[in-house]
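Just below is one structure, and these are the notes that go with it.
There are 2 protein chains.
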Amino acid sequence: MNPKFYFLPQEKQQTILNAGFHVFSRNSYRKSPMSEIADAAGIRKSLLFHYFRNKKELYLFLWDTCAKITVEEMERSGTYEQTDLFGSMEYGMQAKLSLMRRYPDIGVFAVRAFYEKDPEVSSDIQRSMGRYLAVHAEKKLQKLDPEDFISGIDLQMMYKEMYWASEGCLWEYIQRGSMDTDAMEKDFHELVDFWKKVYIRKRQGDKR
Amino acid sequence: MNPKFYFLPQEKQQTILNAGFHVFSRNSYRKSPMSEIADAAGIRKSLLFHYFRNKKELYLFLWDTCAKITVEEMERSGTYEQTDLFGSMEYGMQAKLSLMRRYPDIGVFAVRAFYEKDPEVSSDIQRSMGRYLAVHAEKKLQKLDPEDFISGIDLQMMYKEMYWASEGCLWEYIQRGSMDTDAMEKDFHELVDFWKKVYIRKRQGDKR
DNA sequence: CCTCCGTTAACCGAATCGGTCAATATGATG
DNA sequence: CATCATATTGACCGATTCGGTTAACGGAGG
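Those protein sequences? They're chains W and S, same order as listed.
All residue numbers for the first sequence refer to the numbering used here, where the first residue is 196 and numbers rise by one.
All residue numbers for the second sequence refer to the numbering used here, where the first residue is 196 and numbers rise by one.
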C-alpha cells in the first residue's frame, strides 16, 4: 500500500475505508469491483489504484485495519476490565456502536471476510486471523456466580440467548440497509434492561 | 415461464429452484449470473433460458414460489391455530425448519429479495408484497394474559427479545454457510425450553 | 428411416473487470 | 509569470463475463 495514503486527511482516509467496507460487505470478494468502491468514496478508480497496488492489497489492508481498530476500541472502552456480566455486555455494545458510527459496515465486513471462500484471499485471511483470535469472552461464564441470578437458570443458555438476541437485533438493522446507530443504541439498552429485570435474582433487602 | 417446467420431475424442479434461491440469496440481483445458477442446478445455461425467458422472469418466479410455499407450509403446520404463545412459536419454527430442509436458502432469499434495490425488479417485488403481507403475528401480543407470565415483565419486550434471539441464532447458521437443520432444530428447541422456564409464571399447584 | 423433443455447444455483441499510463489540474515556490 | 512537484483524472487495454440466441445433437418412439 502506498504510504501516501496515511498522509491523507483523516476524513478522506475514513471515507475510502468506509467505501471499501461497504462494497466488500455486500458482495463477495470477486464481485466487489474497484470501480464501485471508488464511486462510493467519491474518487476515480485510477486514484484508488494509486493508493493500493491492486484489489487484493486493498482488501487485506481493510481486513488488517478492521482488526486493528476493533482491538483499539475494545481496549479504549474498558470492556475487558468489566467484571459484571451485564456491565461488560453494555460496555461491549457501546464499543461496537462507537465503532459502527465511524465505520458503519465494519461489522458485516469482518464477518463476511472471515467466511470468504475466494482462494485469492481466503488463506491470507485465515492466517492473519490466527494472530487476532483473542481468548474470547466465553471465559466469562465460569466466573459467574449462580447466586446472582434467578434460581435454576441455565447460565450457559442464558448467555447464548443474550448473544443471539443482540445479533438478531443487529441483523434487523443490517437488512434494512440503514445503520441508525442511535436507534440501535436505544434497542440494545432496552435489551440489557430487560435482561437485568428478568435474570437477576432479587434478594431481600435489595433496593428497588 | 415455460409451462414445461411444471412437467419436470418434482426433484429436478426443486433442484433448479434451490439453485436460484442459493445464488440470489448470496448476491444482489444484478450480480447473480444465470450461468452460476445453471451450474448450481447441474444443467446448462441454455436449458435454463429454455424454461425461463430471461433473468427477471426467473427471479420473480422464485419470489412468487417462495411466497406460495411459505403460506402453504404455515397453513399445513397449523401454526395459525395455535393460541399459546410458546406453542405457536415452536410450531412456526417447525414450519420454517421443514421449509428450510427442502429449500435451504429460501429464508435468506426472501429477505434479500424484499430489500432488493435494483430498479429492474424492486417495483415488482414491492407490488406483489402488498398481496402477501398477511396481518402479522403481532396481534398475538394483545391476546396474551399477563397472569401467565412472571410478574412485572414487559410482554412486548419479551416478544421482541425472543424474536431477535431466534433470528440471531438463524443468522449464525447462515453466516457459517452450512444449513444444518437438525442442529438448528435442537438449538431452537432449547431456546423455547429456556424461555418457558424463565418467562412463565409458576403458579401454586402447577405440576413440575 | 423419420420425427419429436429435451438438451447442449457454440456463438454474439455488449458490458464490466482489473490494471496502466500519459495527460491534466492544482498549488506551492521562486 | 514561469517552474516544478504532486494530486487527480480520462482514456484506454486486453481479458473476462454477462444475458440471450440459435443451430445442432442425441436418444426414444413410431
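Ideal Cβ positions, reconstructed from N, Cα and C, are used throughout, including at glycine.
With respect to the C-alpha of T278 of chain S, the residue from S:F247, S:D343 and S:M379 having the closest C-alpha is S:D343.
If you check the CB distance, E367 of chain S and S223 of chain S do not come in under 8 Å. Identification of chain S residues near Y310 of chain W by a Cβ-Cβ cut-off of 9 Å yields Q370, R371 and G372, ordered along the chain. About 11 Å separates the Cβ atoms of F281 of chain W and V393 of chain W, ruling out a contact at the 8 Å cut-off. Judged by beta-carbon spacing, L212 of chain W lies beyond the 8 Å limit of T265 of chain W, meaning their Cβ atoms are not closer than that value. The DSSP-derived three-state label of F247 of chain S is coil. I395 of chain W is bridged by DSSP to W:F344.
If the five residues before and after W390 of chain S are omitted, its C-beta is found closer than 7 Å to the C-beta atoms of F281 and M357, all from its own chain and listed in chain order.
When 7 Å is used as the limit between beta carbons, C364 of chain W is near these residues of chain S: W359, in chain order. Its Cα nearest to that of G287 of chain S, the residue S:G273 stands out among S:A360, S:P299, S:G273 and S:R296. S230 of chain W places its beta carbon less than 8 Å from that of K240 of chain W. With a beta-carbon spacing of about 7 Å, F304 of chain W and L257 of chain W fall inside the 8 Å limit used to define contacts. At a cut-off of 8 Å between beta carbons, V387 of chain W makes no contact with chain S. Here K263 of chain S is exposed. Its C-beta has fewer than 16 other C-beta atoms within 10 Å. Boundaries of the alpha helix (DSSP H) around D234 of chain W: M229 to A236. When secondary structure is reduced to three states using DSSP, N213 of chain W falls in the helix class. For M353 of chain S, the closest of W:A308, W:V306 and W:E385 by C-alpha to C-alpha distance is W:E385. Identification of residues in the region 340–357 of chain W having a C-beta nearer than 9 Å to some C-beta of chain S yields I345, G347, I348, D349, M352, M353, K355, E356 and M357, given in sequence order. A buried status is given to L243 of chain W, since no fewer than 16 other beta-carbon atoms sit within 10 Å of its beta-carbon. Counted as a single uninterrupted DSSP element, the alpha helix (DSSP H) harbouring M353 of chain W occupies residues L350 to R371.
Put simply, the CB of E367 of chain S is near chain W, with a gap under 8 Å to one of its CB atoms. Not flagged as an interface residue toward chain S: V316 of chain W, since no C-beta distance is shorter than 8 Å. Per the coordinates, the alpha-carbon of L294 of chain S lies some 37 Å from the alpha-carbon of I232 of chain W. Y246 of chain W is classed as buried because its beta carbon has at least 16 other beta carbons within 10 Å across all chains shown. Taking S317 of chain S as the centre and dropping the five residues before and after it, the same chain places the C-beta of E311 closer than 8 Å to its C-beta, in chain order. Collapsing the DSSP output to three states places T278 of chain S in coil. If you draw a straight line from the Cα of F216 of chain S to the Cα of T210 of chain S, it is about 10 Å long. When CB distances to chain W are screened at a threshold of 8 Å, the residues of the region 213–238 of chain S falling below it are R221, N222, S223 and K226, in chain order. Listed along chain W are Q370, each with a C-beta nearer than 7 Å to that of V306 of chain S.
For R225 of chain S, there is no enclosing alpha helix (DSSP H), as DSSP marks it with neither H nor E. Counting only residues of its own chain and dropping the five nearest sequence neighbours on each side, E268 of chain S has a CB closer than 7 Å to the CB of A290, S293 and L294.
Within chain W, no C-beta atom comes less than 9 Å from the C-beta of V266 of chain S; the nearest is roughly 21 Å away. Straight through space, the alpha carbons of E270 of chain S and Q208 of chain W are spaced by roughly 53 Å. The beta-carbon distance between A360 of chain W and G363 of chain S, rounded to whole angstroms, is 6 Å. This is short enough to meet the 8 Å contact definition. Counting along the chain, no alpha helix (DSSP H) covers F200 of chain W, and no H or E run does either.
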